[in-house]
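These notes are about the structure you will find just below.
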Amino acid sequence: MAATLAVPQSATTGHRFDFDVIVVGAGIMGSCAAHAAASRGARVLLLERFDLLHHRGSSHGESRIIRDAYPEARYLLMVRLARRLWAEAEAESGYRVLTPVPQLSIGPRGDAELLAAVKNDGAEEVDLARMWGGAFRVPGGWLTAVSEHGGVLNATKAVAMFQALAVKKGAVVRDNTEVVSIEKGPEGGVVVKTSGGEKFHGAKCVVTVGAWASKLLRSVAGAELPIQPLHTLTLYWRIKPGCERNLTAEAGFPTFSSYGDPPVYGTPSLELPGLIKVSCDGGPPCDPDKRDWTAGDKEVTERVAKWIEESMPHVEGARGPVIRQSCICSMTPDADFVIDFLGGEFGQDVVVGAGFSGHGFKMGPAVGSILAEMAIDGKANTAAESGVELGCFRINRFDGNPMGNAKNYQ
Ligand SMILES: Cc1cc2nc3c(=O)[nH]c(=O)nc-3n(C[C@H](O)[C@H](O)[C@H](O)COP(=O)(O)OP(=O)(O)OC[C@H]3O[C@@H](n4cnc5c(N)ncnc54)[C@H](O)[C@@H]3O)c2cc1C
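Take 1 as the starting number for the sequence shown in the UniProt record's numbering and just add one per residue.
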């Protein structure tokens with residue numbers, strides 16, 4: 001069946017392709033890539049398998065942490081680039097998606113990862129008992145450090161913002177359109193086929209399909225990406241009466257990360273008054289097409305409840321969470337992203353952004369800019385100018401080395 005889309009007109013005639021860049025997957029990464037490519041004047045098609053802003057992937061919900069506190073300097077530089085791009089998108093759209101708050105990092109004093117994150121963040125050690133009305137209680141001897149480099153991103157609204165900006169710049173966005181194959185085009189470029197029998201010819205293709213990356217790339221190119229989807233919970237808890245104000249973003253309550261066991265994180269009370277989000281990294285492996293939706297939830301909830309009871313005296317841990325939302329984290333073995341050309345017969349015609357390992361949202365606009373520039377220019381100049389090194393995100397780092405990048409926080 002022939003494509004029925006209105007193909008955007010361009011000043012030049014005689015295009016061999018329907019689109020300059022076809023982006024597959026409209027989560028935060030694909031939406032940012034579509035916006036970045038359209039901003040460069042490319043004719044962009046963004047294809048999404050489900051409804052736009054659906055809840056079956058990784059980019060939905062009302063909050064994600066943005067923080068500079070990263071043990072690896074490469075992510076710090078990417079966060080800084082992303083912050084500039086978040087601000088530009090907010091200014092251009094008139095949306096507000098980022099609420100700046102402090103960032104609190106806590107954990108055992110000898111934890112090398114924590115020490116490196118605190119150093120990179122420029123965070124200062126604080127006496128936690130004196131802060132936020134005594135809202136935290138941690139074991140004696142723990143390192144507790146605060147910086148001004150935290151923040152909360154309104155996730156679904158942010159995805160919508162980048163989709164709206166992409167459309168404003170001429171991108172065509174189609175939802176309920178599942179891509180089933182990507183093939184080499186007869187005249188170069190790629191042919192993207194959908195389950196509905198449509199075919200789109202693109203000069204380049206960007207694949208940002210989140211938890212579906214391993215499946216799609218195996219069927220498209222026989223590529224084996226070691227990306228494991230995990231069923232991960234987001235939990236909201238009731239704040240004890242009288243303490244609500246202290247724990248708000250407005251009152252300067254921080255985003256926080258604990259490097260102890262369990263690896264708990266949280267955001268200030270913001271999107272749901274009287275409630276606070278406190279959750280735990282990780283979860284059981286899942287198949288994004290056969291979700292159980294509840295596997296492991298009881299254990300995770302009990303761990304977080306226990307942590308709250310011990311560590312956050314102003315939150316009702318024992319009564320259990322008020323709201324529970326499911327999400328998927330797409331983990332690589334080393335928790336580093338995959339940002340690379342697919343290679344093989346596709347060479348530089350297909351660019352992959354995947355495996356964001358539960359910490360990619362904050363860097364969405366930077367990743368989008370990198371993917372778009374790799375597709376259009378063959379290299380990511382904006383990232384390079386910002387000092388962002390992409391070598392550690394290559395697909396081939398797993399060849400003969402299943403764990404990928406070695407971690408050294410010293
Ligand atoms: C509970 C939880 C908390 C998190 N907290 C943070 C945080 O605090 N800070 C942070 O920075 N990050 C955080 N993250 C990570 C962040 O949310 C993810 O890294 C990010 O959302 C990944 O985006 P994505 O675009 O790669 O994937 P997705 O959002 O899943 O987008 C992929 C899209 O591709 C579509 N798709 C799949 N297959 C096809 C196909 N064949 N054809 C067309 N479309 C297809 C899917 O439907 C989906 O919409 C968290 C993640 C979770 C789950």
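Using N, Cα and C, we set each Cβ at its ideal position, and we do this for glycine too.
Minimum C-alpha distance to residue i - residue among the options
| i | options | result |
| --- | --- | --- |
| SER257 | ARG130, GLY151, ASP18 and GLU183 | GLY151 |
| GLY196 | PRO284, ARG49, VAL24 and THR301 | ARG49 |
| PRO226 | ARG218, THR232 and ALA160 | ARG218 |
| TRP293 | HIS55, GLU187 and LYS277 | HIS55 |
| LEU270 | GLY189, SER31 and GLU62 | GLU62 |
| VAL173 | GLY360, GLN348 and ALA164 | ALA164 |
| GLY94 | PRO100, VAL101 and TRP86 | TRP86 |
| MET331 | HIS231, GLY27 and SER105 | HIS231 |
| GLN103 | ARG109, ALA117 and GLY27 | ALA117 |
| GLU244 | GLY274, THR255 and GLU250 | GLY274 |
| HIS60 | ASN396, ASN405, PHE361 and ALA383 | PHE361 |
| ASP287 | PRO229, ILE66, MET363 and GLU310 | PRO229 |
| VAL351 | ARG291, GLU385 and ALA213 | ALA213 |
| SER326 | MET363, GLU385, ILE395 and PRO284 | PRO284 |
| ARG303 | PRO262, LEU153, GLU224 and GLY57 | PRO262 |
| ARG109 | LEU98, LYS407 and THR144 | THR144 |
| ILE328 | VAL126, SER58 and ALA129 | SER58 |
| ALA155 | THR255, ILE66 and THR382 | ILE66 |
| ALA69 | HIS359, GLY202, SER386 and GLU224 | HIS359 |
| ILE276 | ARG291, LYS240 and LYS298 | LYS240 |
Buried versus exposed call for residue i [16 or more other C-beta atoms within 10 Å across all chains shown]
| i | result |
| --- | --- |
| ASP111 | buried |
| LYS168 | exposed |
| MET374 | buried |
| ASP281 | buried |
| PRO321 | buried |
| LEU233 | buried |
| GLY27 | buried |
| ASP399 | exposed |
| ARG64 | buried |
| ASN120 | buried |
| ARG83 | buried |
| GLY355 | buried |
| ARG16 | exposed |
| ASN396 | exposed |
| GLY353 | buried |
| PHE249 | It is worth fixing the name first, because residue 249 is Ala in this sequence and not Phe. With 16 or more Cβ atoms within 10 Å of its Cβ, ALA249 is classed as buried. |
| LEU391 | The question names Leu, but residue 391 in the sequence shown is Gly. Looking at its Cβ environment, which holds fewer than 16 other Cβ atoms inside 10 Å, GLY391 is exposed. |
| GLY202 | buried |
| ALA383 | buried |
| GLY266 | buried |
| LEU115 | buried |
| LEU153 | buried |
| LEU98 | buried |
Nonlocal neighbours in the same chain, by C-beta distance under 7 Å from residue i, ignoring five residues either side
| i | result |
| --- | --- |
| ALA42 | ASP20, VAL21 and ILE376 |
| GLU113 | PRO71, TYR259 and TYR409 |
| GLN9 | Caution applies to GLN9, whose pLDDT of 47 falls short of 50 and renders its modelled position unreliable; the model cannot decide the point. |
| ARG96 | GLU90 |
| GLN348 | PHE341 and GLY378 |
| ARG319 | ARG238 |
| LEU128 | PHE136, VAL138 and THR144 |
| MET363 | MET78, VAL79 and ALA82 |
| GLY141 | ARG109 |
| ARG40 | ALA372 and ILE376 |
Whole-angstrom C-beta distance between residue j and residue i, which should lie under 8 Å
| i | j | result |
| --- | --- | --- |
| ALA305 | GLY296 | Rounded, the Cβ-Cβ distance is 14 Å, inconsistent with contact. |
| ALA160 | ALA34 | Going by Cβ atoms, the distance from ALA160 to ALA34 rounds to 13 Å, so no, they are not a contact pair. |
| ILE339 | TYR236 | Not really, about 32 Å apart at Cβ, beyond 8 Å. |
| GLY122 | SER147 | 6 Å |
| VAL278 | VAL300 | That pair is no contact at about 11 Å. |
| ASN405 | ASP289 | About 29 Å separates the two Cβ atoms, so there is no contact after all. |
| CYS32 | PHE162 | 5 Å |
Contacting residues, own chain, Cβ-Cβ under 8 Å from residue i (five flanking each side not counted)
| i | result |
| --- | --- |
| VAL388 | ARG74, LEU77, MET78, LEU81, ALA366, ILE370 and ALA380 |
| VAL24 | GLY30, LEU47, VAL179, ILE182, VAL192, CYS205, VAL206, VAL207, THR208, VAL209 and LEU216 |
| LYS184 | VAL190, VAL191, GLU345, PHE346 and ASP349 |
| GLU309 | GLY317 and ALA318 |
| MET403 | PRO333 and ASP334 |
| GLU92 | LEU165 |
Beta-carbon contacts of residue i that lie in its chain and below 6 Å, excluding the five residues immediately before and after
| i | result |
| --- | --- |
| PHE253 | TRP132, LEU247 and PRO268 |
| GLY344 | ALA221 |
| ASP175 | GLU48, ASP51 and LEU52 |
| ALA36 | GLY368, SER369 and ALA372 |
| VAL44 | VAL21, ALA34, ALA37, ALA38 and ALA171 |
| GLY100 | Inspection of the sequence shows that residue 100 is occupied by Pro rather than by Gly. Cβ neighbours of PRO100 beyond the five flanking positions: GLY151. |
Closer than 8 Å: residue i CB and nearest ligand 3 heavy atom
| i | result |
| --- | --- |
| GLY27 | Among the ligands in the structure shown, ligand 3 does not appear; only ligand 1 can be found there. |
- request: Counting only runs of 4+ residues fully inside the stretch 137-201, write out the alpha helix (DSSP H) ranges in chain order.
  value: Qualifying alpha helix (DSSP H) stretches, in chain order: 155-168.
- prompt: Which ranges would you report for the beta strand (DSSP E) in the stretch 55-137 if only whole runs of at least 3 residues count?
  reply: Within the stretch 55-137, the complete beta strand (DSSP E) runs of at least 3 residues are 103-108.
- request: Pick out the complete alpha helix (DSSP H) segments inside the stretch 261-347, 4 residues or longer, and give them in chain order.
  value: 297-311, all fully within the stretch 261-347.
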